[in-house]
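Participant:
Numbering (the working numbering), first residue to last: 1 to 638.
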């Protein structure tokens with residue numbers, strides 16, 4: 001603990017690490033430099049620019065071979081298979097319907113001109129590779145096309161990702177005419193990958209395969225190519241293949257990628273449950289003694305890809321793909337399965353910390369920037385100790401508005417949680433173990449708790465709990481019982497999930513020494529409480545947020561590994577006793593044969609009693625309880 005406190009102090013005082021400087025841009029095409037990329041380029045410029053004026057759109061993947069291999073390996077969804085083969089043969093229907101197909105035009109974004117040379121070089125590459133048709137004179141532009149603005153996102157390697165903005169103009173855009181529900185895509189996640197690593201165990205062999213220019217494997221049908229025009233330097237172009245940023249592109253690509261993955265796993269006899277696919281990334285792991293199985297998977301994937309026409313990224317950039325290894329970057333996190341540690345790469349960590357710091361130092365932030373930050377934090381949350389208990393304010397800001405231009409106010413609660421993320425990433429990155437699911441041993445500490453809803457019809461309702469040699473009883477206040485205690489306009493006495501969480505908080509607090517450094521299991525008979533505990537927050541109930549944060553804080557102070565589970569009502573003797581106590585029937589405690597209950601109930605910390613008298617959202621409740629406990633016994637970190 002002293003070592004971790006020292007790490008935290010150093011991280012708190014050190015400047016945030018900045019992302020490394022972007023690599024120098026090295027163009028692939030020797031094109032003249034222009035003074036102003038907002039103007040039309042001179043005729044001499046276009047003499048050196050690649051041309052694709054009579055384009056022939058054809059998908060890279062062979063539909064005949066795909067169907068043959070899918071059928072040989074027992075792929076069962078005939079409808080999806082036929083749809084994918086139709087995409088590959090005749091071009092994908094991107095799903096834009098109605099008036100949204102009518103002609104329109106939008107301007108290029110400022111980001112495109114900020115990286116104008118990189119954008120120009122990227123477009124030249126598209127034309128040269130047959131991905132884009134052009135350049136055409138504006139006089140050649142058909143009357144019914146949609147001319148979309150282009151945006152740019154700079155890459156650390158010095159190049160630029162050019163994005164066709166199919167979401168503009170508002171009210172007439174291509175994406176608004178697409179029903180995304182018709183193009184579902186299921187993605188892997190950090191949580192799923194962690195489950196795979198847990199199954200594989202320490203020393204697991206990992207593998208990562210990446211498709212090169214994934215969306216460009218599928219061409220778009222001729223009728224939809226008119227929806228994918230754009231202009232640059234006074235010339236017109238149009239994309240022949242799936243567009244990055246199209247509302248349907250992900251789903252169209254994903255159904256193809258999943259058929260390819262099925263073929264590979266069937267041939268390699270590799271368990272699909274040990275593979276995590278996130279768009280074009282295919283990540284797999286197996287136990288340390290199954291190196292051969294992972295190698296066979298890689299060999300099979302490359303062999304099938306060659307047969308089908310799938311273009312895979314080389315393994316010379318380990319961030320993109322790597323062969324079987326115990327060390328590698330998966331979904332933006334570097335794992336070492338021998339040391340059993342994880343690490344956010346420096347450039348990603350630097351950009352994330354910079355984004356957090358800029359948000360903390362602001363009074364408001366654009367909604368789309370908040371969406372971006374929230375997505376990143378949720379991605380890393382399964383790795384971060386206590387992360388799930390420090391995300392609810394972030395999620396509230398994330399759902400502040402539906403318009404991306406809306407300005408989201410930065411509340412004190414949000415700043416508090418962002419400080420948690422800032423300090424934790426700086427403190428533990430690169431030196432923390434991969435989270436594991438611990439199986440509770442037989443000698444774990446076990447409690448049963450129950451809570452009765454507030455009412456004036458019977459006396460003594462409250463929270464009760466038992467364990468061998470331990471019991472507690474906390475009656476609700478008059479305000480909770482008669483309904484005058486409210487939060488967000490709702491009666492506290494009717495918030496059953498919150499009332500049920502009072503019991504676990506009392507257990508880890510009143511039995512602090514018993515729980516110290518132990519595996520602790522607490523049974524409740526309310527599934528809502530269990531779900532909120534597992535999530536770490538509730539978007540609807542500030543009392544639940546207060547209680548789960550306090551439970552986690554107190555449990556951390558004792559070093560116990562805590563789990564809260566659902567039990568059926570009165571299913572065991574412990575559950576029956578807790579139920580009776582919660583109703584004020586204290587005589588039941590003396591009739592419990594074999595429980596050896598204490599003569600007196602456990603002392604409940606004053607901080608809890610005070611909070612019950614005025615139940616409100618309080619992120620510091622756990623700290624207040626630990627401060628009180630530290631006056632009589634040792635508490636970790638104090």
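Note that the Cβ used here is the ideal one computed from N, Cα and C, for glycine as well.
1. Measuring straight from C-alpha to C-alpha, what distance separates residue 196 and residue 286?
2. I need the straight-line Cα distance from residue 150 to residue 214, nearest angstrom please.
3. Assess, as a yes-or-no matter, whether the stretch 232 to 251 is touched by the stretch 345 to 353 under the definition of 3 or more beta carbon pairs within less than 8 Å.
4. Assuming residue 334 contacts residue 342 (C-beta within less than 8 Å), just tell me the rounded distance between them.
5. What's the C-alpha gap between residue 148 and residue 243?
6. Ignore the nearest five residues each way along the sequence and tell me which others in residue 511's own chain have a CB closer than 8 Å to its CB.
7. Identify which residue in 546, 25, 299 has its Cα closest to the Cα of residue 625.
8. My output table needs one value for residue 154: the three-state DSSP class, helix, strand or coil.
9. At the level of alpha carbons, what is the spacing between residue 492 and residue 480?
10. At the level of alpha carbons, what is the spacing between residue 461 and residue 584?
11. In whole angstroms, what is the alpha-carbon distance linking residue 247 and residue 182?
12. In terms of residue numbering, what span does the alpha helix (DSSP H) encompassing residue 214 cover?
13. Let's test the definition: count the other Cβ atoms within 10 Å of the Cβ of residue 499 and tell me whether it reaches 16, buried, or not, exposed.
14. For residue 90, which residues of its own chain have a beta-carbon under 8 Å away from its beta-carbon, when the five flanking residues on both sides are left out?
15. Answer with buried or exposed for residue 269, where buried requires no fewer than 16 other C-beta atoms within 10 angstroms of its C-beta.
16. Per DSSP, residue 277 forms a beta bridge with which residues?
17. Could you say which of 426, 548, 402 lies nearest to residue 388 if we only look at CA atoms?
18. How far does the beta strand (DSSP E) with residue 161 in it extend, from its first residue to its last?
19. Please work out which residues of its chain come closer than 8 Å, Cβ to Cβ, to residue 617, disregarding the five sequence neighbours upstream and downstream, and give them in chain order.
20. Across which residues does DSSP place residue 335 in a beta bridge pair?
21. Going by other Cβ atoms of all chains shown within 10 Å of its Cβ, with 16 needed for buried, is residue 256 buried or exposed?
22. Measure the C-alpha to C-alpha separation of residue 443 and residue 559 and round it to an integer number of angstroms.
23. Taking the beta carbon of residue 436 as the centre, do at least 16 other beta carbons fall within 10 Å, making it buried, or is it exposed?
24. Within the same chain, show all residues whose beta-carbon is closer than 6 Å to that of residue 319, passing over the 5 residues directly before and after it, in chain order.
25. In whole angstroms, give me the CA-to-CA distance for residue 129 and residue 97.
26. Straight-line CA distance for residue 159 to residue 3?
27. Would you please state the rounded distance, in angstroms, between the beta carbons of residue 275 and residue 304? I believe it to be under 8 Å.
28. What residue from 95, 203, 273, 302 has the CA that sits closest to residue 249's CA?
29. Given a cut-off of 8 Å, decide if residue 207 and residue 294 are closer than it, judged by their beta-carbon atoms.
30. Residue 462 bridges to which residues according to DSSP?
31. Would residue 456 and residue 429 qualify as a contact pair, given that the criterion is a beta-carbon distance under 8 Å?
32. Identify which residue in 118, 93, 586, 9 has its Cα closest to the Cα of residue 228.
33. Which residues mark the beginning and the end of the alpha helix (DSSP H) in which residue 400 is found?
34. Which word fits residue 170, buried or exposed, when buried means at least 16 other C-beta atoms lie within 10 angstroms of its C-beta?
35. For the stretch 28 to 39 and the stretch 57 to 68, state whether three or more C-beta atom pairs, one from each stretch, are separated by less than 8 Å.
36. Determine the contact status of residue 8 and residue 299, defining contact as a CB-CB distance below 8 Å.
Facilitator: So, from the data block:
1. Numbered from 1 along the chain shown, position 196 holds the residue referred to as residue 196. Numbered from 1 along the chain shown, position 286 holds the residue referred to as residue 286. Near 8 Å, if we compare the C-alpha coordinates of residue 286 and residue 196.
2. Here residue 150 corresponds to residue number 150 of the chain shown, with the count starting at 1. Here residue 214 corresponds to residue number 214 of the chain shown, with the count starting at 1. Computed Cα separation, rounded: 19 Å.
3. no
4. The residue labelled residue 334 in the question sits at position 334 within the chain shown. The residue labelled residue 342 in the question sits at position 342 within the chain shown. Indeed they touch by this definition, with Cβ atoms about 7 Å apart.
5. Here residue 148 is taken as the residue at index 148 of the chain shown, counted from 1. Here residue 243 is taken as the residue at index 243 of the chain shown, counted from 1. Between residue 148 and residue 243, the C-alpha separation is close to 11 Å.
6. Start at 1 with the first residue of the chain shown, and residue 511 comes out as number 511. If we look at residue 511 and ignore the five residues flanking it on each side, its Cβ neighbours are 445, 447, 467, 470, 602.
7. Numbered from 1 along the chain shown, position 625 holds the residue referred to as residue 625. Ranking 546, 25, 299 by Cα distance to residue 625 puts 546 first.
8. As a working mapping, residue 154 is identified with position 154 in the chain shown. If DSSP states are grouped into helix, strand and coil, residue 154 belongs with the strands.
9. The sequence position of residue 492 within the chain shown is 492, counting from 1. The sequence position of residue 480 within the chain shown is 480, counting from 1. Approximately 6 Å, taken between the alpha carbons.
10. For the purposes of this step, residue 461 is identified with residue 461 of the chain shown, where counting begins at 1. For the purposes of this step, residue 584 is identified with residue 584 of the chain shown, where counting begins at 1. Each residue's Cα considered, the two are about 6 Å apart.
11. Within the chain shown, residue 247 is the residue found at index 247, counting from 1. Within the chain shown, residue 182 is the residue found at index 182, counting from 1. Those two C-alpha atoms are separated by around 10 Å.
12. Taking the chain shown and counting its residues from 1, the one referred to as residue 214 is at position 214. Counting along the chain, residue 214 falls outside any alpha helix (DSSP H), and DSSP gives it neither H nor E.
13. Reading the chain shown from its first residue, position 499 is the one you call residue 499. Buried.
14. Here residue 90 refers to the residue found at position 90 when the chain shown is read from its first residue. Once the five neighbours on either side are set aside, the close Cβ partners of residue 90 are 221.
15. Here the question's residue 269 lines up with position 269 in the chain shown. With fewer than 16 other Cβ atoms within 10 Å, it is exposed.
16. Numbered from its first residue, the chain shown carries residue 277 at position 277. Partner(s): 282.
17. Numbered from 1 along the chain shown, position 388 holds the residue referred to as residue 388. Closest by alpha carbon: 548.
18. Locating residue 161 in the chain shown gives position 161, where the first residue counts as 1. Residue 161 -> beta strand (DSSP E) spans 160 to 165.
19. The residue labelled residue 617 in the question sits at position 617 within the chain shown. For residue 617, where only same-chain residues beyond five positions count, the Cβ hits under 8 Å are 487, 542, 543, 545, 546.
20. Stepping through the chain shown from its first residue, residue 335 is reached at position 335. The partner list for residue 335 (beta bridge, DSSP) reads 328, 342.
21. Position 256 of the chain shown, counting from 1, holds the residue named residue 256. So residue 256 counts as buried.
22. Translated into positions along the chain shown, residue 443 becomes position 443. Translated into positions along the chain shown, residue 559 becomes position 559. The alpha-carbon atoms of residue 443 and residue 559 are separated by roughly 16 Å.
23. The count along the chain shown starts at 1 and reaches residue 436 at position 436. Exposed: under 16 other Cβ atoms inside 10 Å.
24. Along the chain shown, one-based indexing puts residue 319 at 319. The residues are 329.
25. By one-based count along the chain shown, residue 129 stands at place 129. By one-based count along the chain shown, residue 97 stands at place 97. C-alpha separation (whole angstroms): 29 Å.
26. In the chain shown, counting from the first residue as 1, residue 159 sits at position 159. In the chain shown, counting from the first residue as 1, residue 3 sits at position 3. Distance between the alpha carbons of residue 159 and residue 3 is about 42 Å.
27. For this step, residue 275 is matched to residue 275 along the chain shown. For this step, residue 304 is matched to residue 304 along the chain shown. That pair is no contact at about 14 Å.
28. Translated into the one-based positions of the chain shown, residue 249 becomes position 249. That would be 95, whose Cα lies nearest to the Cα of residue 249.
29. The residue you call residue 294 lines up with position 294 of the chain shown. The residue you call residue 207 lines up with position 207 of the chain shown. Result yes, Cβ atoms of residue 294 and residue 207 sit closer than 8 Å.
30. Along the chain shown, read from residue 1 onward, the residue named residue 462 stands at position 462. Answer is 475, bridged to residue 462.
31. What you label residue 456 is simply residue 456 of the chain shown in a count that begins at 1. What you label residue 429 is simply residue 429 of the chain shown in a count that begins at 1. No, these two residues do not count as a Cβ contact at 8 Å.
32. Residue numbering aside, residue 228 sits at position 228 when the chain shown is read from its first letter. Ranking 118, 93, 586, 9 by Cα distance to residue 228 puts 93 first.
33. As a working mapping, residue 400 is identified with position 400 in the chain shown. Note, residue 400: premise wrong, no alpha helix (DSSP H); not H, not E.
34. Counted from its first residue, the chain shown places residue 170 at position 170. The residue is exposed, with fewer than 16 neighbouring Cβ atoms inside 10 Å.
35. no
36. Locating residue 8 in the chain shown gives position 8, counting from the first residue. Locating residue 299 in the chain shown gives position 299, counting from the first residue. Their beta carbons are not under 8 Å apart, which means residue 8 does not touch residue 299 by this criterion.
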